[in-house]
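Student:
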DNA sequence: CGGATGTTTGAGTAATATCAACTGTGGTGG
DNA sequence: CCACCACAGTTGATATTACTCAAACATCCG
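Residue numbers (this note's numbering), protein chains in the order written: chain S, 3 to 260; chain Z, 3 to 260.
#1: Rounded to whole angstroms, what is the Cα-Cα separation between residue 130/Z and residue 49/Z?
#2: For residue 160/S, which residues from the same chain have a beta carbon less than 7 Å from its beta carbon, with the 5 sequence-adjacent residues on both sides left out?
#3: Counting only runs that start and end within the region 41-74 of chain Z, where is the alpha helix (DSSP H) found for 4 or more residues in a row?
#4: Indicate whether the contact test is met: 3 or more Cβ pairs, each with one atom in the region 215-224 of chain S and one in the region 239-252 of chain S, closer than 8 Å.
#5: Which chain S residues are close to residue 147/Z, counting only those with a beta carbon under 8 Å from its beta carbon?
#6: What first and last residue would you give for the alpha helix (DSSP H) that runs through residue 158/S?
#7: With respect to the beta strand (DSSP E) encompassing residue 247/S, which residues constitute its N-terminal and C-terminal limits?
#8: For residue 170/Z, go through chain S and note every residue whose CB falls closer than 7 Å to its CB, in chain order.
#9: Out of 60/S, 88/S, 80/S and 102/S, which has the shortest C-alpha to C-alpha gap to residue 120/S?
#10: Sorted by chain position, which residues of the same chain lie with C-beta nearer than 6 Å to residue 110/S's C-beta, five sequence neighbours on each side aside?
#11: How about the region 163-180 of chain S and the region 159-174 of chain Z: do they share at least three Cβ pairs that are nearer than 8 Å?
#12: Please classify residue 25/Z: does DSSP put it in a helix, a strand, or coil?
#13: Per DSSP, which one or two residues make a beta bridge with residue 77/S?
#14: Buried or exposed: residue 91/Z, going by 16 or more other Cβ atoms within 10 Å of its Cβ?
#15: Do the CB positions of residue 143/Z and residue 139/S come within less than 8 Å of each other?
#16: Counting contacts by CB-CB distance shorter than 8 Å, is residue 215/Z in contact with chain S?
#17: Relative to the C-alpha of residue 94/Z, which residue among 116/S, 103/S, 189/S and 172/S is closest?
#18: Hey, how far is the Cα of residue 225/Z from the Cα of residue 203/Z?
#19: Which residues in the same chain have their Cβ closer than 7 Å to the Cβ of residue 181/S, if we skip the five residues on either side of it in sequence?
#20: Would residue 26/Z pass as an interface residue toward chain S - the criterion being a Cβ-Cβ separation below 8 Å?
#21: For residue 266/Z, go through chain S and note every residue whose CB falls closer than 9 Å to its CB, in chain order.
#22: Along the alpha helix (DSSP H) that carries residue 232/Z, what are the first and last residues, could you check?
#23: Where does residue 104/Z fall in DSSP's three states?
#24: Give me the Cα-Cα distance between residue 241/S and residue 222/S, rounded to the nearest whole angstrom.
#25: Any C-beta of chain Z within less than 8 Å: which residues of the region 191-220 of chain S qualify?
#26: Output needed in chain order: residues of the region 75-103 of chain Z with a Cβ under 7 Å from some Cβ in chain S.
#27: What three-state label does DSSP hand residue 257/Z in the structure shown?
#28: Quick one: list the residues of chain S neighbouring residue 186/Z, beta-carbon separation under 7 Å, in chain order.
#29: Should residue 192/Z go down as buried or exposed, given a rule of 16 or more other Cβ atoms within 10 Å for buried?
#30: Could you work out which residue in 74/S, 82/S and 62/S is closest to residue 98/S when comparing CA atoms only?
#31: Start and end of the beta strand (DSSP E) containing residue 203/S?
#32: Between residue 244/Z and residue 219/Z, is the Cβ-Cβ spacing less than 8 Å?
#33: Which residue comes first and which comes last in the beta strand (DSSP E) that contains residue 114/Z?
#34: Could you give the distance in angstroms between the alpha-carbon of residue 63/Z and the alpha-carbon of residue 72/Z?
#35: Grab me the residues of residue 200/S's own chain with a C-beta within less than 7 Å of its C-beta, minus the 5 sequence neighbours each way, in chain order.
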């Protein structure tokens, strides 16, 4: 099989959109009953709009760690809402270098960059076993014409992503390595908190290399700084388990962001 | 007058949305007759949708060099399409550092990051005397429900901005200083080309410091690299006038992007 | 249990920032 | 219209940050 996800050369498997294996197709989505509905596309929708969404968001995909949800260059057809698990989005260079551009947790919607050119401009890869809802874009955009709030949500998610891009530029363009790490940790904690998890104690789903790529640093730099933060009593690190100890000090480093 | 644009402390004037000075309010927009219509929000619209847009995009603003179109924290009400001139968008840190996040030429639409939170998350400043069309967002979003193509264009502009954010992350996170400069120059040339200007000979509207901020470099580094590129015969630099000489070599540096 | 993958830490290096001096250049008022 | 001033840009010497290369150690998975 080409693109087997255990094959280190092929690296990741793209889930085909047309013929889904039965084991995947059987999962039926229902936004109206989804536990994520207050953090995802359905936020604030009236029952009628929700019912309409249910008609259109009908399938889910299950991904294994390392599977690609879509790849750079794939035709764009749908957005994907993460029901559980997590994913990274990666931008590739012709020479093979790559930049992790985003780190997405449950409730997040990925694939938004594909709308403009009807083709994805990045690759999304599951960081652990992950389930996503498939949101066929054309259908939902059609629905949005009848349901202003749904349209508003779509605009809103797109715009939020724009804003995140701006802050990523600030992070990568203006902050020192230690500041980037502090922002990263606080931001991640904040996102977990919003989902009802601890903001101060969590498990990273990325390798040091992926964190480094996201922050524009090398893996050794990430490792060293985490060690230093630990020595200074800012955090407690045990492999991928992180505990934030001195939040005010981290905030200071991060310059009050987050 | 507070915020006079000649006052170095106030730095830039925010144009108030409510009471526009008469000299500004007198300019009537007409998308249907605008020379930018094929590069801006109206692209591809049918005559009916265009006429509807004309009803809603009714005013223009004139800005002097250094005037702010909106500022970080301002309530969001409208998008702005650049009719002529250019602008930078800037993201600010609490400690005063700032990062130039975008460089916008005619036809570009700025303000897209404000949709989500109904508040702008960045500041847009004119780099020269500039005129923009005011696109009241709520009204246009309403129209978009009746005109699928207009909706599509709105989604498309938002999504394009997301994609640009991804590429900015690649630029800032993975490229060396010389590669960033090469990408910057080629990208700028490409954008001028699209507007019918020369792709190889143009005038920068930014200072070295602004370019540096955009690229995550210091002004001295930008200056040095431009000098080096000139010494190597890649470009001809005379202050802000740039001529790209050896495009293939620049492309090679840029890694085929652009 | 063993290999592969990921992490830590050290020593030396390269890239870019910083500090500083000097040189254009464009706009303004005399 | 010219002289001047503030601002923008260049260039050099030095400092610093983060990278590279390398080796040892840990952890996960089959």
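Positions of the beta carbon are idealized from the N, C-alpha and C atoms, including for glycine.
Tutor: Checking against the coordinates, here is how it stands:
#1: Reading the second chain from its first residue, position 128 is the one you call residue 130/Z. Reading the second chain from its first residue, position 47 is the one you call residue 49/Z. In this structure, the alpha-carbon of residue 130/Z lies about 33 Å from that of residue 49/Z.
#2: Counting from 1 along the first chain, the entry for residue 160/S is found at position 158. Cβ neighbours of residue 160/S beyond the five flanking positions: 114.
#3: Whole alpha helix (DSSP H) segments, 4+ residues: 49-58.
#4: In the pairwise beta carbon analysis, the region 215-224 of chain S is classified as not touching the region 239-252 of chain S: fewer than three pairs are separated by under 8 Å.
#5: Taking the first residue of the second chain as 1, we reach residue 147/Z at position 145. Ordered by position in chain S, the residues that pass the 8 Å Cβ test against residue 147/Z are 146, 147, 148, 150 and 153.
#6: For the purposes of this step, residue 158/S is taken as residue 156 along the first chain, with counting starting at 1. Residue range 150-176 is occupied by the alpha helix (DSSP H) that includes residue 158/S.
#7: Within the first chain, the letter at position 245 stands for residue 247/S. Premise fails: residue 247/S is in no beta strand (DSSP E) and is neither H nor E.
#8: Within the second chain, the letter at position 168 stands for residue 170/Z. Those within 7 Å of residue 170/Z in chain S are 167 and 171.
#9: To locate residue 120/S, count along the first chain from 1; it is residue 118. Comparing Cα-Cα distances from residue 120/S to each of 60/S, 88/S, 80/S and 102/S, the minimum goes to 80/S.
#10: Within the first chain, residue 110/S is the residue found at index 108, counting from 1. Excluding sequence positions up to five before and after residue 110/S, its CB lies within less than 6 Å of the CB of 84, all in the same chain and listed in chain order.
#11: With a cut-off of 8 Å, the region 159-174 of chain Z and the region 163-180 of chain S count as touching, because enough Cβ pairs lie within range.
#12: Working through the second chain from its first residue, we reach residue 25/Z at position 23. Residue placement at residue 25/Z is poorly supported in this model, since its pLDDT is 42, which falls under 50; the coordinates still yield a value, given next. Of the three classes helix, strand and coil, the one that applies to residue 25/Z here is helix, per DSSP.
#13: On the first chain, position 75 is the one that residue 77/S refers to. Partner(s): 121/S.
#14: Indexing the second chain from 1 puts residue 91/Z at position 89. With 16 or more neighbouring CB atoms inside 10 Å of its own CB, residue 91/Z falls in the buried class.
#15: As a first step, residue 143/Z is located in the second chain; it is residue number 141 there, counting from the start. As a first step, residue 139/S is located in the first chain; it is residue number 137 there, counting from the start. No; because the gap between Cβ atoms is not below 8 Å, this pair is not in contact.
#16: Numbered from 1 along the second chain, position 213 holds the residue referred to as residue 215/Z. So, interface residue.
#17: What you label residue 94/Z is simply residue 92 of the second chain in a count that begins at 1. Comparing alpha carbon positions, the residue from 116/S, 103/S, 189/S and 172/S closest to residue 94/Z is 172/S.
#18: Start at 1 with the first residue of the second chain, and residue 225/Z comes out as number 223. Start at 1 with the first residue of the second chain, and residue 203/Z comes out as number 201. Each residue's alpha carbon lies about 18 Å from the other.
#19: Walking along the first chain from the start, residue 181/S turns up at place 179. Taking C-beta separations shorter than 7 Å and ignoring five residues to either side along the sequence, the partners of residue 181/S in its chain run 255, 256 and 257, following chain order.
#20: Start at 1 with the first residue of the second chain, and residue 26/Z comes out as number 24. Only weak support exists for where residue 26/Z lies, its pLDDT of 47 falling under 50; the value from the coordinates is given anyway. By the rule that beta-carbons nearer than 8 Å mark a contact, residue 26/Z does not touch chain S.
#21: Outside the displayed range of chain Z (3 to 260) lies residue 266/Z, so it cannot be described from this structure.
#22: Numbered from 1 along the second chain, position 230 holds the residue referred to as residue 232/Z. 221-233 is the extent of the alpha helix (DSSP H) around residue 232/Z.
#23: As a working note, residue 104/Z is residue 102 in the second chain. It is a strand residue.
#24: In the first chain, the residue the question calls residue 241/S occupies position 239. In the first chain, the residue the question calls residue 222/S occupies position 220. Rounded to whole angstroms, the gap between the alpha carbons of residue 241/S and residue 222/S is 14 Å.
#25: Cβ contacts with chain Z: 215, 216, 217 and 218.
#26: Of all residues in the region 75-103 of chain Z, 93, 95, 96, 97, 99, 101 and 103 have a Cβ within less than 7 Å of some Cβ in chain S.
#27: For the purposes of this step, residue 257/Z is identified with residue 255 of the second chain, where counting begins at 1. Secondary structure at residue 257/Z: coil, using DSSP grouped into helix, strand and coil.
#28: Taking the first residue of the second chain as 1, we reach residue 186/Z at position 184. Those within 7 Å of residue 186/Z in chain S number zero; the least Cβ separation is about 13 Å.
#29: Here residue 192/Z corresponds to residue number 190 of the second chain, with the count starting at 1. Of the other Cβ atoms in all chains shown, fewer than 16 fall within 10 Å of the Cβ of residue 192/Z; this residue is therefore exposed.
#30: As a position in the first chain, residue 98/S is number 96, starting the count at 1. Taking only the C-alpha atoms, the option nearest residue 98/S is 74/S.
#31: Sequence index remark: in the first chain, residue 203/S carries index 201 (1-based). Where residue 203/S is concerned, the enclosing beta strand (DSSP E) stretches over 203-205.
#32: On the second chain, residue 244/Z is found 242 positions in, with the first residue counted as 1. On the second chain, residue 219/Z is found 217 positions in, with the first residue counted as 1. Cβ atoms of residue 244/Z and residue 219/Z: not closer than 8 Å.
#33: As a first step, residue 114/Z is located in the second chain; it is residue number 112 there, counting from the start. From DSSP, residue 114/Z is part of no beta strand (DSSP E); its letter is neither H nor E.
#34: The residue you call residue 63/Z lines up with position 61 of the second chain. The residue you call residue 72/Z lines up with position 70 of the second chain. Taking the straight line from one Cα to the other gives about 12 Å.
#35: Start at 1 with the first residue of the first chain, and residue 200/S comes out as number 198. Within the same chain, and ignoring the five residues on either side of residue 200/S in sequence, the residues whose Cβ sits closer than 7 Å to its Cβ are 194.
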